[in-house]
Amino acid sequence: MAIQKSEEEVATVKDSKEAPQDASKDMDRSTSDEEDVATGANKIEDMTDDWVEDHMKDVTVAVIGNVDSGKSTLVGVLTKGGLDDGRGLARAKVFNFSHEAANGRTSSIAQEIMGFSSTGDQVIIERMANTTANSRNTTWQQVVSQSERLVTFSDLCGHEKYLKTTIFGLVGQCPDYTMIIVNANAGFQRMSREHLGIALALRIPFFIVVTKIDIAPQNVFEENLLQLHKIVKSNAVKRQPLVVKEMDQLEAAASGIFNREACPIFCISSVTGEGLPLLRNFLRCLPSRLQDSGLFRPPSSPAEFHIDSIYVVPGVGLVVGGVVRAGRIRPGQQLLLGPDKVSQFKPVLVKTIQYKRVTVESAESGQHCSFALRSLVKRETLKKNMFRKGMVLLGPEIQPRAVWSFKAEVVILHHATTIREGYQAMIHCGIIRQCAAVKHMSCELLRSGDKAIVTFRWCYHAEYVNLGETLLFREGRTKGLGRIVEVVDDGYNPLMREAEK
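Each residue of the sequence shown is one higher than the one before, counting from 5 in the numbering used here.
Take a look at the structure:
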């Protein structure tokens with residue numbers, strides 16, 4: 005814009021007596037403006053390069069697969085530095101709740117970290133016999149301080165009963181990769197197929213780990229491995245299976261999964277340790293997908309933080325955890341929290357920030373962090389019951405607005421009959437998980453494989469959504485995938501109608 009303005013000024017002064025002198029001044033000003041623009045662009049580019057470089061050392065891996073396939077056990081073995089005893093020793097160190105340890109099934113999202121030093125060796129911290137919240141925090145802090153590269157695992161649920169929690173972990177927590185765990189005895193079961201379908205729909209690169217090879221009969225193991233090859237090469241997946249047996253295959257495996265061309269397959273035992281060195285070194289080689297995923301905007305953007313968990317910490321107060329999707333956030337910064345149950349945003353103050361359970365001075369786009377918050381509304385104290393799924397923290401410059409309706413370009417992945425106007429389904433869009441109704445479609449009916457522009461309306465609360473956001477909707481075994489293309493302001497607001505009554 006500065007260059008265009010200077011050209012107009014040059015054209016104007018040519019008609020006056022002082023044209024040569026003024027024109028030269030304006031040209032000097034134009035050159036100065038061009039240099040300023042170039043300098044600013046270089047600064048932004050340098051900031052972006054630094055942002056990407058900082059995140060190259062941190063990779064998030066979501067662990068999925070059928071129940072009883074050994075997901076939590078493998079996470080425990082990889083992160084705690086010891087082998088399993090075959091009776092639940094390793095997984096007990098990962099579970100969040102005692103009832104999970106009692107029945108051996110994950111019902112919540114557990115997170116663990118794995119660190120590598122500058123020499124490529126895994127950072128192992130001696131663990132206390134009785135694990136407490138304070139000891140876990142201390143261990144994380146030691147791993148972070150001694151590591152050059154970090155791998156964060158999100159241990160998700162395998163049982164069908166907790167599928168919505170697994171979907172929330174895949175859609176809302178923005179993992180770089182998914183690690184699909186397959187029991188060598190049972191093969192690729194139905195829930196594993198369900199999880200694979202979701203990962204494919206969300207375009208998250210994946211690799212497969214075959215566990216329990218120490219107790220699987222050879223013929224059963226070979227048969228199930230052949231089944232995996234067929235699934236990976238099928239038209240729905242279109243990957244080249246790569247069974248990793250040697251260290252010199254790791255570079256090709258990491259490159260292949262990043263480019264979505266190959267699916268590395270590892271065969272391991274959490275009891276004997278067979279195959280674990282290969283898997284550890286592969287995890288160390290995985291490149292960051294910060295730019296490739298398209299989910300994050302640079303630190304120069306207005307702040308946007310998606311809340312996925314809420315805690316009340318004694319002596320600290322209310323703490324929220326989640327993902328920074330855009331911008332840079334610092335302690336003392338004022339943000340807008342919402343939308344609440346009445347579609348409003350309220351001002352809050354960020355007191356402190358923790359990244360990987362370590363107190364830091366700022367949080368940047370792409371990082372999974374936790375914030376201690378304080379309300380800026382007079383005489384108001386933030387309480388846990390004020391929060392719900394779908395709430396965000398935003399920079400005031402965004403001037404956010406919660407909406408009831410939006411349009412999405414959708415494709416039906418599977419549906420037994422037909423979808424018409426009035427159909428309702430559970431929408432998973434980032435951290436949002438809410439039922440929505442179809443109010444209008446660009447065609448009369450939708451069947452499996454069909455595409456259309458569909459107008460959805462939330463059933464219970466207005467939400468804050470971004471254009472281009474990916475959504476997944478399901479109801480029973482019906483599944484569809486979409487992308488938000490328009491926010492609709494149709495004047496619908498049931499809260500106003502209730503107030504008028």
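For every residue, glycine included, the Cβ atom is placed at its ideal position computed from N, Cα and C. All values derive from a computational prediction rather than experimental measurement.
Residue i, DSSP secondary structure in three states
i, result
"isoleucine 171", "helix"
"isoleucine 235", "helix"
"cysteine 447", "coil"
"threonine 422", "coil"
"tryptophan 144", "helix"
"asparagine 100", "coil"
"proline 498", "helix"
"alanine 105", "helix"
"glutamate 368", "strand"
"glutamine 25", "Residue placement at glutamine 25 is poorly supported in this model, since its pLDDT is 42, which falls under 50; the coordinates still yield a value, given next. If DSSP states are grouped into helix, strand and coil, glutamine 25 belongs with the helices."
"asparagine 189", "coil"
"phenylalanine 349", "coil"
"glycine 92", "coil"
"leucine 87", "coil"
"glutamine 150", "helix"
"glycine 44", "Unreliable placement is indicated for glycine 44, whose pLDDT of 44 sits below 50; no coordinate value is reported for it."
"glutamine 222", "helix"
"glycine 124", "coil"
"methionine 31", "Residue placement at methionine 31 cannot be trusted, given a pLDDT of 39 that sits under 50; what the coordinates show is reported in the next sentence. Correct three-state label for methionine 31: helix."
Cβ-Cβ distance between residue i and residue j below 8 angstroms
i, j, result
"cysteine 267", "leucine 246", "yes"
"valine 328", "lysine 350", "no"
"glutamine 506", "isoleucine 129", "No statement about residue 506 is possible, as the shown extent of the chain runs from 5 to 505 and does not include it."
"phenylalanine 460", "alanine 406", "no"
"glycine 426", "valine 442", "yes"
"histidine 432", "leucine 475", "yes"
"proline 303", "glycine 326", "no"
"isoleucine 457", "leucine 471", "no"
"threonine 215", "isoleucine 235", "no"
"valine 67", "methionine 183", "yes"
"isoleucine 357", "proline 335", "yes"
"glutamine 428", "alanine 420", "no"
"aspartate 1", "arginine 293", "The structure shown does not extend to residue 1, since the chain is modelled only from 5 to 505, so the question has no answer here."
"valine 414", "leucine 485", "yes"
"serine 196", "glutamine 150", "no"
"glycine 119", "valine 81", "no"
"valine 492", "phenylalanine 410", "yes"
"leucine 154", "isoleucine 117", "yes"
"isoleucine 217", "serine 273", "yes"
"isoleucine 261", "proline 209", "yes"
"glutamate 308", "leucine 398", "yes"
"lysine 388", "leucine 322", "yes"
First and last residue of the uninterrupted beta strand (DSSP E) at residue i
i, result
"valine 362", "362 to 364"
Delimiting residues of the alpha helix (DSSP H) encompassing residue i
i, result
"arginine 197", "194 to 205"
"lysine 84", "75 to 84"
"serine 259", "254 to 262"
Beta-bridge partners of residue i, as assigned by DSSP
i, result
"proline 245", "Cys267"
"cysteine 373", "Gly326, Tyr359"
"aspartate 159", "Val67, Ala114"
"threonine 182", "Ala66, Phe210"
"alanine 412", "Val458, Ile488"
"glycine 119", "Val127, Leu154"
"glutamine 177", "According to DSSP, which records beta bridges pairwise, glutamine 177 is partnered with nothing at all."
Practice problem: Could I get the ranges of all uninterrupted beta strand (DSSP E) runs contained in the region 268 to 344, with 3 residues as the minimum, in chain order? | Solution: 308 to 317, 321 to 330, 338 to 342
Practice problem: Identify every run of the beta strand (DSSP E) within the region 430 to 496, keeping only runs that are complete inside it and at least 3 residues long; order them along the chain. | Solution: 436 to 445, 455 to 462, 474 to 479, 482 to 492
Practice problem: Output the residue ranges of the beta strand (DSSP E) runs that lie fully inside the region 373 to 406 and measure 3 residues or longer, sorted by chain position. | Solution: 396 to 398
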